[in-house]
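Structure, as structure tokens:
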Amino acid sequence: MDGARFVRVEQRRPDLRFPFPNNFNKRLEGQSVIGLGRRAKYLLADLSSGEVLLMHLGMSGSFRVVHGSDEDAPGKFHHVRGKLTAHDHVVFHMSNGAVITFNDPRRFGYMRLIAREEFNQDPMIEALGPEPLGNAFDGAMLAAACAGKKTSLKAALSDQKVVAGLGNIYVCEALHRAHLSPKRRASTIATRGAAPTERAHLLADGIKAVLNDAIKAGGSSLRDHRRTDGDLGYFQHSFRVYDRAGEKCPTPKCKGTIRRIVQGTRSTFFCPVCQK
DNA sequence: CCGCGGGCCTGAGAGC
DNA sequence: TGCTCTCAGGCCCGCG
Numbered sequence: 003m004d005g006a007r008f009v010r011v012e013q014r015r016p017d018l019r020f021p022f023p024n025n026f027n028k029r030l031e032g033q034s035v036i037g038l039g040r041r042a043k044y045l046l047a048d049l050s051s052g053e054v055l056l057m058h059l060g061m062s063g064s065f066r067v068v069h070g071s072d073e074d075a076p077g078k079f080h081h082v083r084g085k086l087t088a089h090d091h092v093v094f095h096m097s098n099g100a101v102i103t104f105n106d107p108r109r110f111g112y113m114r115l116i117a118r119e120e121f122n123q124d125p126m127i128e129a130l131g132p133e134p135l136g137n138a139f140d141g142a143m144l145a146a147a148c149a150g151k152k153t154s155l156k157a158a159l160s161d162q163k164v165v166a167g168l169g170n171i172y173v174c175e176a177l178h179r180a181h182l183s184p185k186r187r188a189s190t191i192a193t194r195g196a197a198p199t200e201r202a203h204l205l206a207d208g209i210k211a212v213l214n215d216a217i218k219a220g221g222s223s224l225r226d227h228r229r230t231d232g233d234l235g236y237f238q239h240s241f242r243v244y245d246r247a248g249e250k251c252p253t254p255k256c257k258g259t260i261r262r263i264v265q266g267t268r269s270t271f272f273c274p275v276c277q278k
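Counting in the working numbering, the first sequence tops out at residue 278, every number present.
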């Protein structure tokens, strides 16, 4: 998409989680993508029109990218070129021959167009916490965000205002790496006097490590996630606790067994022995 | 501010 | 084979 122009945009239903913007396809057609980016879980395309196209995958959304010459490739590109499935909701036909299909069975994803000068003040953007892989993110920043929070550490890390971009899997995995209990009150990792605790540093490091490892592995394909070429990610094979209830804790010398509990209606997986 | 329950959707898997 | 039930990577709302 980067540097290419939208030649034709197929919008195949009126809404996803939210209605599409008015005249969505016509507002894209003829515009060029002058930059691509990401903030938290939002995919961003900076357009020549002065607008930003914001795209969210929800739970089950995925993009696939193929080029015209690849369209007849067998198997994994089946839903491109006149063979769209029921859940292929948007297709971008780009000036460089790329065809980009957005598929989302559950339709928890959405797309919006935001004027660039209003982007930073947009309610979806303004409240977001720091990027966990940014240079500025560290134990001190995490401690400050958790200070005074009476909620659980699990809920705090899942809150996009505390740190942006973590979902259920990576919260569980980061807490295990930091040997911190998901049930612990969030404020207890914050500060001791003025200095951030050792726990906050361990947790910030655990978050960075699990995200970097997962990105390297192409993400976690439990059911819906696919890479843009249609391939599966394989980080699910490296989960230490997620979806491993009843298995032995992978921490060296730990005799614990992974447990599943429910926090805020979501599953949490953790080791009650080495996560305190 | 916080926890909880319900809601938005479809599909996969388990149990019967 | 087919039914019903539960659960799923996100996130919002309203209630108490």
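All C-beta atoms, glycine included, are put in the ideal place defined by N, C-alpha and C.
Using C-beta distances below 8 angstroms, list every residue in its chain close to residue i, excluding the 5 sequence neighbours before and after it, in chain order.
i	result
Ala6	Ser34, Val35, Met96, Ser97, Asn98 and Ala100
Asn122	Glu128
Ala158	Ala147, Cys148, Lys151, Val164 and Ala188
Exposed or buried, which one is residue i when buried takes at least 16 other CB atoms within 10 Å?
i	result
Asp4	exposed
Arg225	exposed
Ile209	buried
Asp233	exposed
Leu135	exposed
Ala138	exposed
Leu55	buried
Lys156	buried
Val11	buried
His80	Confidence is the limiting factor: at His80 the pLDDT is only 44, short of 50, which leaves the residue's position unreliable and the question unanswerable from this model.
Gly63	buried
Ser222	buried
Pro198	buried
Ile217	exposed
From which residue to which residue does the beta strand (DSSP E) around residue i run?
i	result
Arg262	Arg261 to Gln265
Ile191	Per DSSP, Ile191 belongs to no beta strand (DSSP E) and is neither H nor E.
Asn122	Where Asn122 is concerned, there is no enclosing beta strand (DSSP E), given that its DSSP letter is neither H nor E.
Arg268	Arg268 to Phe272
Arg66	Ser64 to His69
Thr103	Ala100 to Asn105
Gln13	Phe8 to Gln13
What span of residues does the alpha helix (DSSP H) with residue i cover, start to end?
i	result
Asn27	Phe26 to Leu30
Glu128	Pro125 to Glu128
His203	Glu200 to Lys218
Quick check on DSSP: helix, strand or coil for residue i?
i	result
Tyr44	strand
Val93	strand
Val173	helix
Met3	coil
Val243	coil
Lys163	coil
Lys156	helix
Ala146	helix
His58	strand
Gly37	strand
Arg179	helix
Phe237	helix
Contact defined as beta carbons within less than 8 angstroms: I believe residue i pairs with residue j. What is the distance between those atoms, to the nearest angstrom?
i	j	result
Arg41	His91	That belief does not hold up - the Cβ atoms of Arg41 and His91 are roughly 22 angstroms apart, past 8 angstroms.
Cys174	Phe271	5 angstroms
Arg118	Glu53	6 angstroms
Arg201	Ile191	4 angstroms
Identify, in the order they occur along the chain, each residue of the same chain with its Cβ nearer than 7 angstroms to the Cβ of residue i, setting aside the five sequence neighbours on each side.
i	result
Ser240	Asp215 and Ala219
Leu45	Met57
Gly258	Cys251, Cys273, Pro274, Val275 and Cys276
Among the residues of its own chain, which have a CB less than 6 angstroms from the CB of residue i, if the five just before and after it don't count?
i	result
Phe110	Arg19, Gly60 and Met61
Pro21	none
Asp140	Ala206
Lys185	Ser154
Tyr112	Leu18, Arg19, Phe20 and His58
Gly70	Gly99
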